[in-house]
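Below you'll find the structure, written out as structure tokens, and then a few comments.
And the structure:
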């Protein structure tokens with residue numbers, strides 16, 4: 008079997024898209040898996056419970072540690088350039104913007120940034136809903152949607168990168184409804200770009216494809 012960590016097959020319907028929390032049945036037993044992008048993993052898991060309720064394209068503001076900028080030396084992975092700095096890049100048409108939009112089934116606006124820390128991603132997701140919402144209702148909706156998911160935590164508080172750095176989980180929380188317009192909602196997703204955004208998700212996908220326990224080698228029972 009092949010598990011591809013590049014972006015080459017993430018839009019190819021002949022390949023299973025390796026986001027287990029959304030595509031578990033398709034991944035099980037398959038021979039070709041396209042592992043999602045790190046930003047796309049966080050944004051999609053943050054948006055999927057609102058699928059069908061969106062009134063406008065969500066806006067996703069992402070900040071990644073510089074390990075997400077690749078191995079080729081450049082400004083985005085230069086600690087000296089990043090010191091006391093925040094660097095925006097590819098503010099329209101980023102491959103992860105296309106990936107998120109494709110698998111969500113609706114357009115998304117995505118703005119990536121890189122900061123001076125090494126690993127981890129924080130995504131602030133702003134959405135406009137078709138109908139008013141309440142923060143406690145959104146929290147319950149997300150908890151119900153992701154019940155039983157061992158690598159995904161839904162919480163009321165705003166999650167922080169330090170709580171997921173070096174681990175295989177993604178945390179969603181900080182559900183906030185604008186008091187001026189209850190259709191405007193903001194939430195936050197955090198994950199480790201080298202963990203749930205890459206290696207631990209890849210292992211999760213391999214376990215599913217090979218018929219092994221899904222969390223084998225990822226979490227202790």
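In this note's numbering, the protein residues as written are 8 to 228. Don't be surprised by glycine CBs; every beta carbon is placed ideally from N, CA and C.
Contiguous alpha helix (DSSP H) elements confined to the region 10-41 occur at 27-34, taking only those with 4 or more residues. Nearest Cα to residue 111 within the set 29, 38, 137: 29. Ranking 153, 196, 191, 217 by CA distance to the CA of residue 64 puts 191 first. In the three-state reduction of the DSSP assignment, residue 72 falls in the coil class, being assigned neither a helical nor a strand state.
A straight-line Cα-Cα distance of about 31 Å links residue 142 and residue 32. DSSP, reduced to helix, strand and coil, places residue 155 outside both helices and strands of the structure shown, so it counts as coil. The beta carbon of residue 92 sits closer than 7 Å to the beta carbons of 123 from its chain, once the five residues preceding and following it are set aside; these are given in chain order. Non-local C-beta neighbours of residue 82 in its own chain, meaning closer than 6 Å and more than five positions away in sequence, comprise 88, ordered along the chain.
Residue 40 and residue 25 do touch by the CB rule: their CB atoms are close to 5 Å apart, below 8 Å.
The DSSP-derived three-state label of residue 62 is coil.
Of the residues 53, 45, 22, 15, the one whose Cα lies closest to the Cα of residue 193 is 53. Scanning the region 81-157 from its first residue to its last, the whole beta strand (DSSP E) runs of 3-plus residues come out as 93-95, 116-122, 128-135.
A distance below 6 Å between beta-carbons, with the five flanking residues on each side excluded, links residue 139 to the following residues of its chain, in chain order: 189, 190. Judged by beta-carbon spacing, residue 172 lies within the 8 Å limit of residue 199, meaning their Cβ atoms are closer than that value.
With a cut-off of 8 Å on Cβ pairs, the region 159-172 is not in contact with the region 207-224, counting fewer than three such pairs. The beta carbons of residue 155 and residue 166 sit no closer together than 8 Å.
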